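S.K.:
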DNA sequence: CGAATAGTGTCTATCAGACAATATAAT
DNA sequence: ATTATATTGTCTGATAGACACTATTCG
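Chains as they are written, first to last, in UniProt numbering: chain A, 1 to 285; chain B, 1 to 285.
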């Protein structure tokens, strides 16, 4: 490579004996503008860079079935062809990973969510976590208000798996498909395997919710705009792995009263009418 | 599929009319081994990928000065030449971002830390956060046991800045250099500016420590292997922005007793001998 | 002894959790 | 009225925080 031949048209610029001298000149003596122009032309493809993906743990809750669910897709391409995996995709230029998460969620599930609904979990970068090569993933957690279309998009099979906690195990079930993983270790223990390190990601998401529920009950966005105390107890019970009756109504309400706003009464239903609540929005993270 | 037009180098493989057909074949019909071989050869350079860096918020605490400090380097290259910035660098192939963090910390400060000392903070990916182009950074938080060499390495000036909290402001000071930032908004308000979005990263680190201190007092690693209750109070006071005397000794000890192990007594010093403690290690995250 | 430092004990308002009582509506 | 569901109220043990007291060492 000829190092003294960069931008002949610009007489301001000196010539260089070697690459190191040129680098030093642009990094320390040239103007920032000249540096950036030089960098884009010479440095941008010099080093190997990883691909970056997002992987999204999308939870929803179905009131009728009283089931917590997580969205998985069956991969129809290599690698991990026919394995279940989290939805996600490659981050594109000129977008943040937050935006990637929202874009992928919208295209894969048809549900529009905002940055208020998502939360960055962790960035996974273990070498060889993806057999295709150097691929880093930024994982996200999102709570979908109501169960949307379950039909797959992008020519993939996309299904909601019910999530049942038993001790430290999560049972992800949809019909004949069953995946069992330990969310303390992040490993699948029986049944089908998950693609890549997605068992770790799901575990991290579940633990995050569990640890923050009472302090930051964002998980109640699973119930949409408004909900009753009992509905909130049912959602918490899914993460605690217990029947919702074991969560005392009175104590639960006391614990969360600071995070909730009362909206009115639910007009229909058996028994005393429930009051309906919504999450306070003014929380500054 | 047409099998009558074999490739010379591998008779097993078919030829394709167009790129799309080829992609479809490898993704869905070929073996995974063949797919991966094809992917590496054809797909690896097809899409633009970002550079990925790590940025490390390294805190230390000096007992003699009773000062919390954060390590900043003065950049001697574009972009942000002469601005103060967090130490960090590009993630290399075949290493995780955790390993990058440890490697960069070792080379920039001379201090060897283990994965026990670091914690991933957040991945920042706002477009144009770096004028050089598409650069994503994974930020880390680390607690250095004792103040190491302050001399810069890598031909950069590296200095420990004392960190003083006043209300929502952090004052980062080293001699004539002073940077003031609001850790609630993540913005510098006066004095010198920080490079890139590093004010946001430092703010995130400070808030993370503040929110988790009592629940997960990993911050006490600032005090090395062992410490007295009063030393621990002094560290907490730095993050709370108050004199350590306002933290009641008795109540503080009660709050942290579950996280500490008593080692013995400190033999020297004025007044009643202090007991020395260390952090319990058995915490599973 | 007195000053300085640090560990220990006590009191109280508050709160989480267990449990009881009341309110409403469908059958 | 009975039953199911939900809300409201009460009691108690535990705890955080304020404060007081005791223990040790140095000058």
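Here a beta-carbon is modelled for each residue, glycine too, at the ideal position from N, C-alpha and C.
Fair warning: this is a prediction, and the values are worked out from it, not measured in the lab.
1. What separation, rounded to the nearest whole angstrom, lies between the Cα atoms of residue 181(A) and residue 132(A)?
2. Inspect the CB distances between the stretch 212-219 of chain B and the stretch 194-202 of chain B and report whether three or more fall short of 8 Å.
3. Along chain A, in chain order, which residues have C-beta atoms closer than 9 Å to that of residue 28(B)?
4. Looking at C-beta atoms only, is the number of pairs between the stretch 63-83 of chain A and the stretch 77-97 of chain B that lie closer than 8 Å three or more?
5. Compare the Cα-Cα distances from residue 26(A) to each of 134(A), 39(A), 17(A) and report the closest residue.
6. Where DSSP assigns a beta bridge to residue 165(A), which residues make up the other side?
7. Taking only three categories from DSSP, how would you classify residue 8(B)?
8. With DSSP run on the structure shown, which of helix, strand or coil describes residue 42(B)?
9. What does the Cβ neighbour count give for residue 251(B), buried or exposed, with the cut at 16 atoms within 10 Å?
10. Under 8 Å, Cβ to Cβ, is there at least one residue of chain B near residue 198(A)?
11. How many whole angstroms separate the CB atoms of residue 60(A) and residue 222(A), which I take to be in contact at a CB cut-off of 8 Å?
12. Between 55(A), 141(A), 157(A), which lies nearest to residue 135(A) when the distance is taken from Cα to Cα?
13. Considering only their Cβ atoms, is the gap separating residue 205(A) from residue 57(A) smaller than 8 Å?
14. Please classify residue 60(B): does DSSP put it in a helix, a strand, or coil?
15. Roughly how many angstroms lie between the CA atoms of residue 188(A) and residue 236(B), to the nearest whole one?
16. Sort 258(B), 272(B), 64(B) by Cα distance to residue 279(B) and report the nearest one.
17. Can you confirm whether residue 227(A), when its beta carbon is compared against all beta carbons of chain B, has any partner nearer than 8 Å?
18. Looking at the structure shown, is residue 33(A) part of a helix, part of a strand, or coil, going by DSSP?
19. What residues of chain B sit near residue 118(A), judged by a beta carbon separation below 9 Å?
20. Anything in chain A within Cβ reach of residue 277(B), meaning under 9 Å, just list it in chain order.
21. Under 8 Å by Cβ, that's how I've got residue 47(B) and residue 124(A) pegged, so tell me the actual separation to the nearest angstrom.
22. Can you name the start and end residues of the alpha helix (DSSP H) that residue 177(A) belongs to?
23. What are the start and end residues of the alpha helix (DSSP H) that includes residue 249(A)?
24. By Cβ distance, which residues of its chain are closer than 6 Å to residue 52(A), with the 5 residues on each side in sequence left out?
25. Is it true that the CB of residue 127(A) sits closer than 8 Å to the CB of residue 94(B)?
26. Which of the three DSSP states is assigned to residue 140(A) in this structure?
27. Under a Cβ-count criterion, where at least 16 other Cβ atoms within 10 Å of its own Cβ denotes burial, should residue 106(B) be classed as buried or exposed?
28. In chain A, which residues lie with their C-beta within 8 Å of the C-beta of residue 97(B)?
29. CB residue 163(A) to CB residue 253(A), shorter than 8 Å?
30. Given residue 69(A), which residues of its chain have a CB within under 8 Å of its CB, disregarding the five upstream and five downstream residues?
31. Might you give, ordered along the chain, the residues of its own chain that have their beta carbon closer than 6 Å to the beta carbon of residue 186(B), omitting 5 neighbours on each side?
32. Could you tell me the alpha carbon to alpha carbon distance between residue 208(A) and residue 218(A), rounded to whole angstroms?
33. Would you tell me roughly how many angstroms separate the C-alpha atoms of residue 265(B) and residue 115(B), rounded to the nearest one?
34. Who are residue 239(A)'s beta bridge partners in DSSP?
35. Nearest to residue 138(A) by alpha carbon, out of 121(B), 141(B), 143(B), 145(B)?
M.R.: Put simply:
1. Counting from one through the first chain, the residue named residue 181(A) turns up at place 181. Counting from one through the first chain, the residue named residue 132(A) turns up at place 132. Spanning the two alpha carbons is a distance of roughly 25 Å.
2. no
3. Translated into positions along the second chain, residue 28(B) becomes position 28. What residue 28(B) touches in chain A: 76, 77, 78, 81.
4. no
5. As a working mapping, residue 26(A) is identified with position 26 in the first chain. The option with the nearest alpha carbon to residue 26(A) is 39(A).
6. The sequence position of residue 165(A) within the first chain is 165, counting from 1. For residue 165(A), which the question treats as bridged, DSSP gives the partners 170(A).
7. Translated into positions along the second chain, residue 8(B) becomes position 8. Note on residue 8(B): pLDDT 41, under 50, position unreliable in the model; no value is reported.
8. Here the question's residue 42(B) lines up with position 42 in the second chain. Helix at residue 42(B).
9. Here residue 251(B) is taken as the residue at index 251 of the second chain, counted from 1. Residue 251(B) comes out exposed.
10. For the purposes of this step, residue 198(A) is identified with residue 198 of the first chain, where counting begins at 1. No, because no Cβ of chain B sits closer than 8 Å to the Cβ of residue 198(A).
11. In the first chain, the residue the question calls residue 60(A) occupies position 60. In the first chain, the residue the question calls residue 222(A) occupies position 222. About 6 Å; that satisfies the 8 Å criterion.
12. Here residue 135(A) refers to the residue found at position 135 when the first chain is read from its first residue. With distances taken between Cα atoms, residue 135(A) lies closest to 55(A).
13. By 1-based counting over the first chain, the position of residue 57(A) is 57. By 1-based counting over the first chain, the position of residue 205(A) is 205. A contact, by the Cβ cut-off of 8 Å.
14. On the second chain, residue 60(B) is found 60 positions in, with the first residue counted as 1. Note: residue 60(B) maps to strand in three-state DSSP.
15. For the purposes of this step, residue 188(A) is taken as residue 188 along the first chain, with counting starting at 1. For the purposes of this step, residue 236(B) is taken as residue 236 along the second chain, with counting starting at 1. When rounded, the distance between both Cα atoms is 40 Å.
16. As a working mapping, residue 279(B) is identified with position 279 in the second chain. Nearest option by C-alpha distance: 258(B).
17. Along the first chain, read from residue 1 onward, the residue named residue 227(A) stands at position 227. Chain B, which has no Cβ nearer than 8 Å to the Cβ of residue 227(A), makes this no.
18. For the purposes of this step, residue 33(A) is identified with residue 33 of the first chain, where counting begins at 1. Of the three classes helix, strand and coil, the one that applies to residue 33(A) here is helix, per DSSP.
19. Stepping through the first chain from its first residue, residue 118(A) is reached at position 118. The premise fails here: residue 118(A) is roughly 13 Å from chain B at the closest Cβ pair, so nothing lies under 9 Å.
20. To locate residue 277(B), count along the second chain from 1; it is residue 277. Near residue 277(B) there are no residues of chain A at all, since even the closest Cβ is about 25 Å away, more than 9 Å.
21. In the second chain, the residue the question calls residue 47(B) occupies position 47. In the first chain, the residue the question calls residue 124(A) occupies position 124. Residue 47(B) to residue 124(A), Cβ: 20 Å. No contact.
22. As a first step, residue 177(A) is located in the first chain; it is residue number 177 there, counting from the start. Note, residue 177(A): premise wrong, no alpha helix (DSSP H); beta strand (DSSP E) at 177-182.
23. The sequence position of residue 249(A) within the first chain is 249, counting from 1. First-last of the alpha helix (DSSP H) with residue 249(A): 249-256.
24. Here residue 52(A) refers to the residue found at position 52 when the first chain is read from its first residue. Cβ within range, chain order: 91, 136.
25. Stepping through the second chain from its first residue, residue 94(B) is reached at position 94. Stepping through the first chain from its first residue, residue 127(A) is reached at position 127. Cβ distance < 8 Å, so residue 94(B) and residue 127(A) count as in contact.
26. Position 140 of the first chain, counting from 1, holds the residue named residue 140(A). Strand at residue 140(A).
27. If you number the second chain from 1, residue 106(B) lands on position 106. Per the 10 Å Cβ criterion, exposed.
28. Translated into positions along the second chain, residue 97(B) becomes position 97. In chain order: 123, 125, 136.
29. In the first chain, counting from the first residue as 1, residue 163(A) sits at position 163. In the first chain, counting from the first residue as 1, residue 253(A) sits at position 253. It is not a contact, given that the beta carbons lie outside the stated cut-off.
30. For this step, residue 69(A) is matched to residue 69 along the first chain. Closer than 8 Å at Cβ, skipping near neighbours: 59, 60, 61, 62, 147, 160, 161, 162, 163.
31. Translated into positions along the second chain, residue 186(B) becomes position 186. The answer, listed in chain order, is 199, 200, 203.
32. One-based indexing of the first chain puts residue 208(A) at position 208. One-based indexing of the first chain puts residue 218(A) at position 218. Computed Cα separation, rounded: 11 Å.
33. Position 265 of the second chain holds residue 265(B). Position 115 of the second chain holds residue 115(B). Spanning the two alpha carbons is a distance of roughly 29 Å.
34. Here residue 239(A) is taken as the residue at index 239 of the first chain, counted from 1. According to DSSP, residue 239(A) bridges with nothing at all.
35. As a working mapping, residue 138(A) is identified with position 138 in the first chain. For the residues 121(B), 141(B), 143(B), 145(B), the minimum Cα distance to residue 138(A) belongs to 121(B).
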